[in-house]
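Colleague: One structure is given below, represented as structure tokens, and several questions about it will come after.
Numbering (the numbering used here), first residue to last: 5 to 144.
Below you can see the structure in the form of structure tokens.
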């Protein structure tokens with residue numbers, strides 16, 4: 005079991021790693037070694053609560069395929085081990101974000117009538133001040 009947050013842990017059997025060749029840094033080794041990691045996380049096998057699983061599916065977006073597998077690709081680093089760690093940390097962050105309860109919906113409020121009146125009075129005062137700066141109408 006991999007601990008994600010208090011009360012949230014995932015089964016290691018739900019994780020699957022595949023190593024592929026990476027683009028980017030690595031020099032000549034980039035053509036010879038498979039340093040990029042493709043971490044596949046099976047949502048159904050994970051043992052997550054239903055609500056967390058639904059929020060995770062929403063947060064995952066395009067990374068979730070039709071079979072219910074979340075795919076995270078990591079190739080930022082030059083070594084396989086660092087890419088493995090990076091992929092696992094990104095998965096943990098995603099699950100932790102899904103485990104956090106959503107914020108309560110925002111309550112709609114109205115602008116007080118006094119504030120509207122004050123704003124309109126201010127606009128009228130500004131317009132009147134500017135009108136006094138103009139030459140009188142008909143003096144062209």
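C-beta: ideal position from N, C-alpha, C; glycine also.
Here's the rule I'm using: 16 or more other beta-carbon atoms within 10 Å means buried, otherwise exposed. How should residue 39 be labelled?
Modeller: Counting C-beta atoms within 10 angstroms of its own C-beta, residue 39 has 16 or more neighbours from the protein chains shown and is therefore classed as buried.
Colleague: Can you list, in chain order, the residues of its chain whose CB lies under 6 Å from that of residue 44, leaving out five sequence neighbours each side?
Modeller: 20, 73 and 75
Colleague: Are the beta-carbon atoms belonging to residue 1 and residue 60 less than 8 Å from one another?
Modeller: No information on residue 1 is available, as it lies outside the stretch 5 to 144 that the chain covers here.
Colleague: Just to confirm my understanding: we take residue 63, look at its own chain, exclude 5 residues before and 5 after, and list those with CB closer than 8 Å. What are they?
Modeller: 98, 101 and 102
Colleague: What whole-angstrom Cβ distance do residue 41 and residue 78 have, given they're in contact under 8 Å?
Modeller: 5 Å
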